[in-house]
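First comes the structure, then the notes that go with it.
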Amino acid sequence: DAASEAPPRVGIIGAGPIGLYAAFKLAESGGARITVWEAGAEVGANVKAWGHVRLFSAMALNVRPAVKAVLEATLPADDAYVTGAEFRDTVLEPLAAHLRKKDSVTIALNARVTAVGRARFLKGEAIAAMGDSGRSGAPFRVVVEDAVTHEERTETCDVLVDASGTYATATALRSGLGGVAAPGEARAEQAGFVVRVIPDRQALADLARGKRVAVLGAGYSAATTLRALADLPDADRPRSVAWLLRQGASSSAKKAADDDDSSYAAPYARVADDPLPQRDALAAFGNALAAGTAVPAGWDVLSGVGVVGFKQLQDDDGLVLELEHAADGTVTTRRVDCLLSLVGYKPDAALTSELQVHACYASDGPIKLAATLLAAKAGGAGGDCLKQAAPGLATLENPEPDFFIVGMKSYGRNSSFLMRVGYEQVDLLVDAVAANAAAGPKPQRGE
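Going by the numbering used here, 600 is the number at position 116 of the sequence shown; the sequence numbering is gapless.
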């Protein structure tokens, strides 16, 4: 095809906090045409899914100064700790409205990106490490499905930013030992017995009321859900709650450790003088519950167990969970009406499986950033997310030229991502895109 000159076209997958900030920064820098594809019916659809959850960090950490200058009238105070819904209403929606006024920005809703390729290249072609730079400057082919009509279309862009996140039922880790689905798990989920995201207040009440509930997981999603269960009014209280912990001491081991605290490790590492009081309160709650010092009536904490099987009872009368005990390998059973499986999330690697992306063997995140995060953890600097910072543009680059993974998805399975780090990532990549644009438009290769 004949070469033509045009400003760079930047495609952004996801209209959440990081995706919208990327569009904002690019629009402010000028010189690019920007399209944001959002799978949901409104911006911040994923944030809306956890809108009932209160953020650990205050607003001052969650809004960049340049955005604050534009949205000052709608923003809560810097020291406010808002819910996801409040953040969406006061930041994301107004920011999207601001962006829609710009001719250079298009925000496409109900636009689910299902696959991405690079021009006419197959994945194994035009490998830069072998001296073939053919992919550089070639357009991305982005397949977009309309979530309402289910019609598909192909769009193109020169730079692609994946800010699609990881928090979703589809990308949740499975419940079984080893990270795989336990026998019977898929069928139990289809029958509605397994929930993989944090329910809102009404959904939790409907799930729990008079029922036998189990919560699996030792992260903050699990602790948030357990505290919400404890806070339910009497009319909505569950009949029983079992907290299932893959690691940790059994109840008998905890009792034996009464005179030797070194033999028992709490599930949540607390930060001295934690500047995030919401996080510290949740960690304290989870640790007290795990230690058996603050267990509500009808609750059990089962440590050192893993789910190895699901058996549905007749007439939809709940489940029998088969639990393997790490201490001796024995298997016991627990009858429940609902399992809240909150064991983490992973990136949707299928989305960009036809691009040349080097993923980490441990986290599924891009390898350069993953290696940096693993090194920081090994050096003892990975415990407090507030101490993290975006380590540099090179850690965001992939073998695929002009393709960047940012935000929570860039951390892969690592749950220590902080919104502020995502903003710093965007600043780095937008500066690079702006510098390329300032150097002058480059010929576009045939599509």
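Virtual Cβ for every residue (Gly too), placed ideally from N, Cα, C.
Query: Could you tell me which whole beta strand (DSSP E) segments of length 3 or greater appear in the stretch 711-735?; Result: 724-729
Query: Do you know offhand how far V841's Cα is from V537's?; Result: 33 Å
Query: Check whether the Cβ atoms of R763 and F540 lie closer than 7 Å to each other.; Result: yes
Query: Which of the three DSSP states, helix, strand or coil, is assigned to Q796?; Result: strand
Query: In this structure, what does DSSP give as the bridge partners for T519?; Result: G495, T590
Query: Determine the direct distance from the alpha carbon of Q909 to that of F888, and round the result to whole angstroms.; Result: 10 Å
Query: Go to D630, then tell me how far its beta strand (DSSP E) extends in each direction, as first and last residue.; Result: 624-630
Query: Name the residue from A599, V789, F677, A613 whose alpha carbon lies nearest to the alpha carbon of D801.; Result: F677
Query: Cβ of L700 within 7 Å of Cβ of S837?; Result: no
Query: Can you give me the C-alpha to C-alpha distance between C641 and T709, rounded to a whole angstrom?; Result: 41 Å
Query: Comparing alpha-carbon positions, which option in P883, P780, Y565, G660 lies nearest D718?; Result: P780
Query: The alpha helix (DSSP H) spanning L688 covers which residue range?; Result: 685-692
Query: In whole angstroms, give me the CA-to-CA distance for V645 and A855.; Result: 20 Å
Query: Counting only the same chain and skipping the five closest in sequence on each side, list residues whose C-beta sits under 6 Å from that of A544.; Result: D562
Query: Which of the three DSSP states, helix, strand or coil, is assigned to Y565?; Result: coil
Query: Taking only three categories from DSSP, how would you classify V643?; Result: strand
Query: According to DSSP, simplified to helix, strand and coil, what is V779?; Result: coil
Query: If I follow the unbroken alpha helix (DSSP H) through G601, where does it start and stop?; Result: Counting along the chain, G601 falls outside any alpha helix (DSSP H), though it belongs to the beta strand (DSSP E) covering 595-602.
Query: In three-state terms, what does DSSP make of C844?; Result: coil
Query: Say whether the stretch 581-601 touches the stretch 502-509, bearing in mind that this needs 3 or more beta-carbon pairs closer than 8 Å, one atom from each stretch.; Result: yes
Query: Can you tell which of L835, D715, L797, L902 has its C-alpha closest to the C-alpha of D684?; Result: D715
Query: Comparing C-alpha positions only, which one of R754, Y651, P885, F901 sits nearest to A622?; Result: P885
Query: Report all residues from its chain with a CB closer than 7 Å to the CB of G828; omit the five preceding and five following residues, and keep chain order.; Result: L657, G703, R897, S899
Query: Give the C-beta separation of S659 and L823 to the nearest angstrom, bearing in mind that I take them to be a contact with Cβ-Cβ under 8 Å.; Result: 7 Å
Query: I'd like to confirm the pairing. Which residues does DSSP put opposite S787 in its beta bridges?; Result: L729
Query: Which class does H634 belong to by DSSP, given the choice of helix, strand or coil?; Result: coil
Query: Quick check: the stretch 551-570 against the stretch 608-627, are at least 3 beta-carbon pairs closer than 8 Å?; Result: no
Query: To the nearest angstrom, how far is the alpha carbon of E881 from that of A511?; Result: 21 Å
Query: Write down the C-beta distance between A665 and D630 rounded to the nearest angstrom, noting that I regard them as a contact closer than 8 Å.; Result: With a Cβ gap of about 31 Å, A665 and D630 do not count as contacting.
Query: In or out: E635 buried (at least 16 other Cβ within 10 Å) or exposed?; Result: exposed
Query: Cα-Cα, which of G500, R721, P759, Y565 is closest to L579?; Result: G500
Query: Suppose you measure from the CA of V789 to the CA of R696; what does that come to, to the nearest Å?; Result: 18 Å
Query: Output yes or no for whether 7 Å exceeds the beta carbon distance between I497 and V597.; Result: yes
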